[in-house]
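Structure record follows, encoded as structure tokens.
In the UniProt record's numbering, the protein residues as written are 1 to 99.
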């Protein structure tokens, strides 16, 4: 029971300390869950669309946040966000081609 309180307090503290990064983390976590569901059950296209949308939203948010307030590892963060954005757009293009 005590460890759940620790994790809950850590989650609350991180959401108060840096809200944009917390929202990006939440979006990427939900994207991983949605894309996992869509890969396990191939007929669930809405999960894939929602997961790819979360990835695009989080990537754009990361790029905007890094443009406004650069962090010490700006280049790595921007490169990773750009890579996620490219892969997501490729996923949408492939999905449209399949339909």
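For glycine and all other residues, C-beta sits at the position ideal for the given N, C-alpha and C. The structure displayed is predicted, hence computed values, not measured ones.
Next item on the list: Compare the C-beta of residue 58 against all C-beta atoms of chain B and say whether one is closer than 8 Å.
Entry: Among the chains of the structure shown, chain B does not appear; only one protein chain is present.
Next item on the list: For residue 51, count neighbouring Cβ atoms within 10 angstroms of its own Cβ and tell me buried if that reaches 16, exposed if not.
Entry: In the chain shown, residue 51 corresponds to position 51, counting from 1. Note on residue 51: 16 or more other CB atoms within 10 angstroms of its CB, so buried under the neighbour-count rule.
Checklist line | Residue nearest to residue 29 in terms of C-alpha spacing, selected from 73, 58, 98, 90 | finding: The residue given as residue 29 occupies position 29 in the chain shown. Minimum Cα-Cα distance from residue 29 among the listed residues 73, 58, 98, 90 corresponds to 58.
Check: Can you tell me the Cα-Cα spacing of residue 64 and residue 76, whole angstroms?
Finding: The residue you call residue 64 lines up with position 64 of the chain shown. The residue you call residue 76 lines up with position 76 of the chain shown. Residue 64 and residue 76: Cα-Cα distance of roughly 14 Å.
Notebook entry, point to check: For residue 66, which of helix, strand or coil comes out of DSSP?
Noted result: Locating residue 66 in the chain shown gives position 66, where the first residue counts as 1. In the three-state reduction of the DSSP assignment, residue 66 falls in the helix class, which pools H, G and I.
Item checked: Cut-off 6 Å between Cβ atoms - residues of its own chain near residue 31, not counting five sequence neighbours on either side -> Working through the chain shown from its first residue, we reach residue 31 at position 31. Around residue 31: 51, 54, 55.
Notebook entry, point to check: Measuring CA to CA, which of 19, 4, 62, 5 is closest to residue 82?
Noted result: Position 82 of the chain shown, counting from 1, holds the residue named residue 82. Closest option to residue 82, Cα to Cα, is 62.
Checklist line | Within 8 Å, strictly: CB atoms of residue 14 and residue 6 | finding: Here the question's residue 14 lines up with position 14 in the chain shown. Here the question's residue 6 lines up with position 6 in the chain shown. Against a cut-off of 8 Å, the Cβ pair of residue 6 and residue 14 comes out as no contact.
Next item on the list: Look up residue 24 in the DSSP assignment and say whether it is helix, strand or coil.
Entry: Taking the first residue of the chain shown as 1, we reach residue 24 at position 24. Note: residue 24 maps to helix in three-state DSSP.
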